[in-house]
Amino acid sequence: MLIEARGLTRVHRQGRREVTTLRSVDLDVAAGEFLAIMGPSGSGKSTLLHLLGGLDTPTSGSVRLLGRDLWSLSDRARSKLRRHEIGFVFQLFNLLPTMSAAENAALPLLLAGEGRRRALGKAYDALGRLGLSNHASHFPDELSGGEMQRVAIARALVTEPALLLCDEPTGSLDSASGRVVLELLRVLPVPGRRSVVMVTHDPQAAALADRTLTLRDGHFELNTSLRESHVLIR
Ligand SMILES: Nc1ncnc2c1ncn2[C@@H]1O[C@H](COP(=O)(O)OP(=O)(O)OP(=O)(O)O)[C@@H](O)[C@H]1O
Ligand SMILES: [Mg+2]
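Structure, rendered in structure tokens:
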């Protein structure tokens, strides 16, 4: 398994109240799998994604990535694992406006201390794979939404991570550029090597995944086929 999450619970403090956002969630993601996570607004999708990516700390429970328990590692080892093995794609792209597409895509490597020439070389390769060779020197405000999201995907892929975490990657795009981005995401899982976990509200996007799970009130719903077989047994 690429990811083994057990008993993930996240309690948030809201003023004087405590709200349980995730309740004891278990999740396995196989290497090479494309998993979609759906669920209503506020059901805990982004919270789960942040916990899986080590961006947030669970109140209890554990996440193993590539067999290593994220929260038993030192801060340094966890950052290194995250930097090399996890790519994030967000709904609002999160590109730096003062950097070109190539510099944005190279950023994870530059932050990891890789030399500028090598980092930019890999960024050009990643942009090429996403059909953006001609846009490498453009700044974000010279790109369409769909192109910005493709730059963000190039940035997420530039370290060749084992896991790509996408939070509503088409949520800000019109349907045409959304489709282009989805077609690109669809071919990113690599058997035994790279998995994609995508949060989405879009049933068409979820349909591209190998498996869809639905979060509701902080835990996974039984999937429909299980529910149906339960009815049959009764
Ligand atoms: N930093 C925070 N502080 C306090 N409460 C939070 C925080 N982050 C999330 N929450 C709570 O957790 C709930 C779930 O949030 P989360 O962002 O995971 O939902 P979501 O499923 O991603 O929703 P959406 O589809 O709107 O993006 C929210 O309703 C909110 O009450
Ligand atoms: Mg969210």
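In the numbering used here, the protein residues as written are 151 to 384. Think of the CB as a built atom: it goes at the ideal place given N, C-alpha and C, for glycine as much as any other residue. No experiment lies behind these values; they were computed from the predicted model shown.
- Non-local C-beta neighbours of residue 289 in its own chain, meaning closer than 8 Å and more than five positions away in sequence, comprise 247, 248, 249, 250, 251, ordered along the chain.
- Taking the Cα positions, residue 314 is about 9 Å away from residue 303.
- Cβ neighbours of residue 359 within its own chain (closer than 7 Å, five residues either side excluded): 184, 185, 186, 348.
- Rounded to whole angstroms, residue 354 and residue 318 show a C-alpha spacing of 12 Å.
- Here DSSP, grouped into helix, strand and coil, assigns residue 157 to strand.
- Rounded to whole angstroms, the Cβ separation of residue 159 and residue 210 is 5 Å, and the two are in contact under 8 Å.
- Counting along the chain, the unbroken beta strand (DSSP E) around residue 186 starts and ends at 184-188.
- For ligand 2, a non-hydrogen atom lies closer than 7 Å to the CB of residue 317.
- DSSP, reduced to helix, strand and coil, places residue 170 within a strand of the structure shown.
- When DSSP states are grouped into helix, strand and coil, residue 295 belongs to the helix group.
- In the displayed model, residue 179 falls within a strand according to three-state DSSP.
- 8 Å or more divides the Cβ of residue 316 from the Cβ of residue 340.
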